[in-house]
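What follows is a set of notes on a single structure, which appears directly below.
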Amino acid sequence: MTTLSTTLAKRLEDPRLFRQYAYVDGKWTHGEGGHEEAVYDPATNEAIGHIPLLEAEQITAAVDAAEAAFTHWRALRADERCERLLAWYDLIQANREDLATIMTLEQGKPLPDARGEVQYGASFVRWFAEEGKRTYGETIPSHIPNASLGTLKEPVGIAAMITPWNFPLAMITRKAAAALAAGCPVIVKPANETPFSALALAELSERAGIPAGIFNVVLGDPAEVSKILCSEPRIRALSFTGSTRVGRLLIEQSANTVKRLSLELGGNAPFIVGPDMDPKQAAYAAIDAKFQTAGQDCLAANRILVHESIHDEFVEHFKERMLALTVGNGLQSEIDLGPLIHRQAVEKAAAIVDDAISKGATVSGGDQSQAPGENYFMPVMLTGVTPKMKVWREENFAPVAGITAYSTDDEVIEMANDTEYGLAAYIYTHDIRRIWKLMRALEYGMVSVNSVKMTGPPVPFGGVKQSGLGREGGATGIDEYLETKYYCLGALGSVSGS
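1259 is the number of the first residue of the sequence shown in this note's numbering; add one for each residue after it.
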């Protein structure tokens, strides 16, 4: 472990940001059972460090620490919590290059993308630092004589967060900053593939003056840790970003403790191109919407639906731009796509492509003999995609784009909604009537018109159908960690009913 730590630490301006222990109650903690797991750079398959696998008693100890710290944290004034969060924000920004390097090494995304994620993740800390000052109650016009009615907002309690490997920093800050601003302590369980971004955030939280027990990072077997967090009655809120399959399981495991659940689950975004669009402009936008993070993004445009009048020209521009994308190690310069997270992801992508070909799709690109390593998948375009294919039905989480033609607005609405998911949809057209028709008819929590970028701190991020519950970000994001308490204040000096 020492050799690995030294090797990676040499890449960092501040080697203390690379931590290989859990963080519980303000202390760096090893696994009491002595079990650990290696973490690999997906670009090279070389181990870059190890993490301890905590025992069940150690997870419970994190809950104990959060419970003990809760009373003090919730009692702080909102502006005092704001000061701690803004200090955390400043430290994240000041260490952006190191955080990006850690992220690229454990996740694989190109370094410029990692820098962008650090900036994006930090922005949620600043946003919720200020939102914590605006957790207003309300006065209710009274229907009871001589009484005042109203509501207060109070922190829900300990919040657990199970976060994914595709955005290992921003998915933590988007959740944790909201909870911390609301007055809740947090217990973060990062993905075992990408734990070091979370541990670096823990180091910076301590430097920012966030008290012991308020920001905890636990590590261990994902299934076992999740089961403990879901069944622990003192944990009153649980936020998860990941697959719909796992989200369903967490709902079941949390049922007996009736937790507040915030679930950001799978997506299968349609990208609809109207007949009035310039095919080249639309194709280049679709490339960006599909291939960011090598397609490992719940917002990725999986199903590209192009009006038949411009379909062929669109496909030519899409293919040309796709074949120009560079694939390689994210630490190298001018790389568009890094590796997939592991070999299983590559095998899944290949199976989706094979399934589409066997059912009549035409494939372009995807010469896997040119892949620079075993975890890489060269980008693929599939045309003639139909609902019978896995590429239509499944969230492929890979650089695999499915394209098909449509003839009418009503047809494309039906095609776009033909999925169990409902996270995000893209519309490209300048026809305002078409925009409003599609936007209202699409069964998605978020719709972006003529823009690939749609997320950010002010945005209520979330989906409908089987894409999740609740919203993250925006003015309502902090509400996931607040309870509404109603009060009825009778006339002083008298007793109601006497």
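Glycine residues also receive a C-beta, built at the ideal position from the N, C-alpha and C atoms.
Based on Cα-Cα distance, which residue from the options lies nearest to residue i?
i	options	result
N1514	A1323, P1491, K1646 and Q1539	P1491
T1742	R1335, L1266 and G1415	G1415
S1512	V1483, E1730, V1638 and A1336	V1483
M1535	L1334, P1370 and Y1686	Y1686
F1549	A1663, W1385, V1710 and T1287	V1710
D1737	Y1394, R1274 and A1336	Y1394
G1586	D1613, D1546 and E1632	E1632
K1480	E1461, L1507, A1495 and L1459	At residue 1480 the sequence reads Pro, which differs from the Lys that was named. Checking every option, the nearest Cα to that of P1480 belongs to L1507.
Q1628	P1273, P1597, A1323 and Y1542	P1597
G1471	T1287, S1616, L1523 and G1726	T1287
G1524	A1495, S1501 and G1532	S1501
P1370	Y1744, D1613, G1588 and I1671	G1588
Q1554	M1704, V1658 and G1284	V1658
S1591	L1640, E1396, K1367 and N1303	K1367
Taking the straight line between their C-alpha atoms, what separation do you get for residue i and residue j?
i	j	result
N1474	W1346	15 Å
C1442	V1282	16 Å
L1487	V1476	10 Å
T1676	A1466	According to the sequence as given, residue 1676 is Asp; it is not Thr. Distance between the alpha carbons of D1676 and A1466: 47 Å.
G1390	A1358	28 Å
G1721	A1749	45 Å
T1452	R1691	44 Å
M1697	A1682	11 Å
P1403	Q1724	46 Å
T1261	A1603	In this prediction, T1261 scores a pLDDT of 47, lower than 50, which makes its location untrustworthy; no coordinate-derived value is stated.
N1526	R1503	14 Å
A1352	F1276	16 Å
M1429	C1556	12 Å
I1309	A1434	21 Å
R1342	R1432	16 Å
F1454	Y1298	11 Å
E1315	G1289	10 Å
L1438	E1294	29 Å
S1463	L1349	8 Å
G1728	G1623	38 Å
P1637	S1520	33 Å
M1580	F1572	12 Å
V1383	P1630	37 Å
T1499	K1538	34 Å
Can you list, in chain order, the residues of its chain with a C-beta nearer than 6 Å to that of residue i? Leave out the 5 residues immediately preceding and following it.
i	result
G1478	L1311 and L1312
R1332	P1413 and G1441
D1594	L1583 and T1584
E1271	D1356
G1291	E1313
E1325	R1492
G1732	P1716, V1717 and P1718
Between residue i and the rest of its own chain, which residues show a CB-CB distance below 8 Å, the 5 nearest in sequence each way excluded?
i	result
S1381	G1714 and P1715
V1321	I1416, I1445, E1490, R1492 and I1493
A1608	Q1626 and F1635
E1340	Note on residue identity: the sequence assigns Cys, not Glu, to residue 1340. Excluding positions up to five away in sequence, the list reads A1387, E1388, G1390, K1391 and A1439.
Report the three-state DSSP secondary structure of residue i (helix, strand or coil).
i	result
Y1542	helix
T1488	The amino acid occupying residue 1488 in the given sequence is Cys; Thr does not appear at that position. In this structure, C1488 counts as helix in the three-state DSSP scheme.
P1310	strand
M1429	helix
Y1661	Contrary to the premise, residue 1661 reads as Ile rather than Tyr in this sequence. Three-state DSSP puts I1661 in a strand.
Y1739	helix
T1687	coil
I1610	helix
T1261	Here T1261 scores only 47 on pLDDT, less than 50, and its place in the model should not be relied on; the value that follows carries that caveat. T1261 falls in the helix class under three-state DSSP.
G1726	strand
A1434	helix
S1756	Note on S1756: pLDDT 45, under 50, position unreliable in the model; the coordinate value appears next. Coil.
V1504	helix
V1475	strand
R1277	coil
V1670	helix
W1423	coil
S1706	strand
Please work out which residues of its chain come closer than 7 Å, Cβ to Cβ, to residue i, disregarding the five sequence neighbours upstream and downstream, and give them in chain order.
i	result
A1544	F1529, A1559, I1562 and F1576
S1756	With a pLDDT of 45 at S1756, under the threshold of 50, the modelled position of this residue cannot be trusted; read the value that follows with caution. Nothing listed; no residue qualifies.
S1406	S1400 and L1747
L1266	F1276, I1306, G1307 and L1363
W1650	R1561, V1643, T1644 and G1660
A1269	Reading the sequence as shown, one finds Arg at residue 1269 and not Ala. So the qualifying residues of the chain are T1359.
K1247	No answer is possible for residue 1247: it lies beyond the span of the chain, which begins at 1259 and ends at 1756.
N1708	Y1686
E1375	M1361, F1425, L1427 and A1428
At least one CB of chain C closer than 9 Å to the CB of residue i: is that the case?
i	result
P1718	The chain inventory of the structure shown lacks chain C, comprising one protein chain alone.
May I ask you to check if the CB of residue i is nearer than 8 Å to at least one heavy atom of the ligand GTP?
i	result
S1616	With respect to the ligand GTP, the structure shown offers nothing to examine, as it has no ligands at all.
Practice problem: Mind listing, in chain order, the continuous beta strand (DSSP E) runs of no fewer than 3 residues lying wholly within the region 1321-1400? | Solution: 1396-1398
Quiz item: What beta strand (DSSP E) runs, 3 residues minimum, are completely inside the region 1439-1472?
Solution: 1444-1447
Practice problem: Scan the region 1521-1570 and note each continuous beta strand (DSSP E) run of 3 residues or more that stays entirely inside, going in chain order. | Solution: 1527-1531 and 1559-1565
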